[in-house]
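Novice: The sequence shown maps to residues 17 to 344 in this note's numbering.
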Amino acid sequence: MKPFSFSREPDLTGLLRDKTATAAFLGGGTNLVDLMKKGIAEPDRILYTQGSGLSSTLQVASSGMTLGALMTNSAVAANPEIQQQFPLLSKAILAGASPQIRNMATTAGNLLQRTRCPYFYNTSLPCNKREPGTGCSALQGTEQRMNAIIGWSQTCVAVHPSDMCVALAALDAQVLTESKTGGLKTIPFDQFHRLPETDATRDSNLPTDAVITGVQLAANRFARHSAYVKVRDRTSYAFALVSVAAALELDGSTIRQVRLASGGVAHKPWRWTAAEQYLTGKKAAPDQFAKAADLVLAETKPLAHNGFKKSLLRGAFITALEEATQGA
Ligand SMILES: Cc1cc2nc3c(=O)[nH]c(=O)nc-3n(C[C@H](O)[C@H](O)[C@H](O)COP(=O)(O)OP(=O)(O)OC[C@H]3O[C@@H](n4cnc5c(N)ncnc54)[C@H](O)[C@@H]3O)c2cc1C
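#1: Report back the beta-carbon spacing between GLN75 and THR82 to the nearest angstrom; my notes put them in contact at under 8 Å.
#2: Buried or exposed: GLU363, going by 16 or more other Cβ atoms within 10 Å of its Cβ?
#3: For PHE136 and LYS54, what's the separation of their Cα atoms in angstroms?
#4: What runs of the beta strand (DSSP E), each 3 residues or longer, lie entirely inside the segment 64–92?
#5: CA-CA distance, PRO134 and GLN156?
#6: Taking all protein chains shown into account, do 16 or more other C-beta atoms lie within 10 angstroms of the C-beta of GLN2, making it buried, or fewer, making it exposed?
#7: Compute the Euclidean distance between the alpha carbons of LEU276 and ALA261, then round it to the nearest angstrom.
#8: Can you have a look at SER278 and say buried or exposed, based on whether 16 or more other CB atoms are within 10 angstroms of its CB?
#9: Grab the span of the alpha helix (DSSP H) containing SER153 for me, first residue to last.
#10: Could you pull out every residue in the same chain whose Cβ sits closer than 7 Å to the Cβ of GLU97, ignoring the five residues on either side in sequence?
#11: By Cβ distance below 8 Å, which residues in the same chain neighbour THR270 in space, the five residues on each side in sequence not counted?
#12: Please confirm whether any heavy atom of ligand 1 lies closer than 7 Å to the CB of LEU184.
#13: Helix or strand or just coil, what does DSSP make of SER242?
#14: Thinking C-beta only, is SER106 closer than 8 Å to ALA93?
#15: My parser needs the alpha helix (DSSP H) runs of 4 or more residues fully inside the segment 124–197; what are they?
#16: Less than 8 Å separating the beta-carbons of ALA186 and LEU104?
#17: What did DSSP end up calling LEU276 once you bin it into helix, strand or coil?
#18: Between the Cα of THR335 and those of ASP303, GLY323, HIS321, ASN322, spot the shortest distance and give me the residue it belongs to.
#19: Between which residues of its own chain and THR229 is the CB-CB distance below 7 Å, once the five residues before and five after are set aside?
#20: Nearest by alpha-carbon distance to THR139: which of ALA226, HIS283, ILE56 is it?
#21: Per DSSP, PRO204 forms a beta bridge with which residues?
#22: Could you tell me whether any non-hydrogen atom of ligand 1 is closer than 7 Å to the CB of TYR294?
#23: Whole-angstrom Cβ separation of PHE333 and ALA309, contact assumed at under 8 Å?
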């Protein structure tokens, strides 16, 4: 591991003062430390975020809730207010990792965890995400199970691995940030993560000198009808091959509002807006779910070796809508 300095600041001013492009914030360390051990991340300075004034609690207001950046994944999933008002978030978090990892993982760190593309981790092979301009081994390779079927480019076919972020995408969360130069900023969730296009090194639009201070969720009417369906190689402790978050507001059996997002399919959590538009105002019924699934699949463009994900996605999509309709 490359040598680095470690600092702990008592407040946000100190934390932000030391943030340069080569310094890294440390949350729970469950992703960053692994990447440092493998020589994939090589920060020269680690800025420990615990004790820096960042919040580790949930703030509840009539307009919604704010998760503190340091709130652990376990604390979010087990929080009674979250379970009552945003059960989709709790379900998605509990579908990921293990209890021990969720006890360490923070809200901010989860958003910025890096891809699990096997070629990103194999430092003997070229990877544009690790070393820009070297090429994408995954695009030519045969190990494409964990790679994209939509939104990819010739530069990179990696996917964002988070389960929690799929729920946050469906719930239209907002990411709260602060930086030395830009002050306080709020980034809508669909603009937080980015597609690879010609630059795969950056997974998000967070400026390099900014810290995530929290995640905001607006009050909504999806609490009674939501589901998270994750398809993976093992039933626990495995990343999604595909996942679907479905949130419905029903008026009798008519869909008044619907939000649909997927993980394991793209470089960012993916919203299925055409399917959402199609289903709005329709009956929550199997034939309509099947037609919406056709719209979803029509948008996908699998790689040479991951076409099987289309049928997994279709099944997960219809199951998530059926489970959401049935309700908690
Ligand atoms: C074996 C294993 C299995 C897993 N399975 C799953 C799974 O199935 N589903 C899933 O979703 N996840 C899974 N994970 C990933 C896990 O959820 C992430 O590692 C975790 O959420 C990262 O949070 P952290 O606080 O530990 O982040 P860290 O490792 O501390 O940091 C991650 C990144 O976020 C940055 N960062 C941290 N805090 C801030 C901040 N406040 N502002 C700006 N940048 C910040 C860091 O600099 C770093 O770049 C798994 C992990 C492991 C090790």
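C-beta: ideal position from N, C-alpha, C; glycine also.
All figures in this text were calculated on a predicted structure; none of them were measured in a lab.
Specialist: Judging by the given coordinates:
#1: Taking the sequence shown and counting its residues from 1, the one referred to as residue 75 is at position 59. Taking the sequence shown and counting its residues from 1, the one referred to as residue 82 is at position 66. 4 Å between Cβ atoms; contact.
#2: Residue 363 is absent from the structure shown; the chain starts at 17 and stops at 344.
#3: To locate residue 136, count along the sequence shown from 1; it is residue 120. To locate residue 54, count along the sequence shown from 1; it is residue 38. Going from the Cα of PHE136 to the Cα of LYS54 covers about 11 Å.
#4: 74–77, 80–84
#5: Position 118 of the sequence shown, counting from 1, holds the residue named residue 134. Position 140 of the sequence shown, counting from 1, holds the residue named residue 156. Rounded to whole angstroms, PRO134 to GLN156 spans 13 Å at the Cα level.
#6: With the chain running from 17 to 344 in the structure shown, residue 2 is simply not present.
#7: By 1-based counting over the sequence shown, the position of residue 276 is 260. By 1-based counting over the sequence shown, the position of residue 261 is 245. If I take the Cα positions, the gap works out to 6 Å.
#8: Start at 1 with the first residue of the sequence shown, and residue 278 comes out as number 262. Buried.
#9: Against the sequence shown, residue 153 aligns to sequence position 137. 153–156 is the span of the alpha helix (DSSP H), which, as asked, contains SER153.
#10: For the purposes of this step, residue 97 is taken as the residue at position 81 of the sequence shown. Around GLU97: LEU74, VAL76, MET81.
#11: Along the sequence shown, one-based indexing puts residue 270 at 254. GLY297, LYS298, LYS299, ALA300.
#12: Within the sequence shown, numbered from 1, the residue matching residue 184 stands at position 168. LEU184: no, Cβ never under 7 Å from ligand 1.
#13: Translated into positions along the sequence shown, residue 242 becomes position 226. Looking at SER242 - three-state DSSP - the assignment turns out to be strand.
#14: As a working note, residue 93 is residue 77 in the sequence shown. As a working note, residue 106 is residue 90 in the sequence shown. One thing to note: ALA93 has its Cβ within 8 Å of the Cβ of SER106.
#15: Listed in chain order, the complete alpha helix (DSSP H) runs (minimum 4 residues) inside the segment 124–197 are 134–137, 153–156, 180–186.
#16: Residue mapping note: residue 186 aligns to position 170 of the sequence shown, counting from 1. Residue mapping note: residue 104 aligns to position 88 of the sequence shown, counting from 1. A contact, by the Cβ cut-off of 8 Å.
#17: Within the sequence shown, residue 276 is the residue found at index 260, counting from 1. Three-state DSSP puts LEU276 in a strand.
#18: Position 319 of the sequence shown, counted from the first residue, corresponds to residue 335. Among ASP303, GLY323, HIS321, ASN322, the Cα nearest to that of THR335 belongs to ASP303.
#19: Within the sequence shown, numbered from 1, the residue matching residue 229 stands at position 213. Answer for THR229: LEU70, ALA85, LEU192, THR193, GLU194, listed in chain order.
#20: Along the sequence shown, read from residue 1 onward, the residue named residue 139 stands at position 123. Comparing Cα-Cα distances from THR139 to each of ALA226, HIS283, ILE56, the minimum goes to ILE56.
#21: As a working mapping, residue 204 is identified with position 188 in the sequence shown. BP columns for PRO204 point to GLN190.
#22: As a working mapping, residue 294 is identified with position 278 in the sequence shown. Every heavy atom of ligand 1 is 7 Å or more from the Cβ of TYR294, so no.
#23: Locating residue 333 in the sequence shown gives position 317, counting from the first residue. Locating residue 309 in the sequence shown gives position 293, counting from the first residue. Rounded, the Cβ-Cβ distance is 5 Å, consistent with contact.
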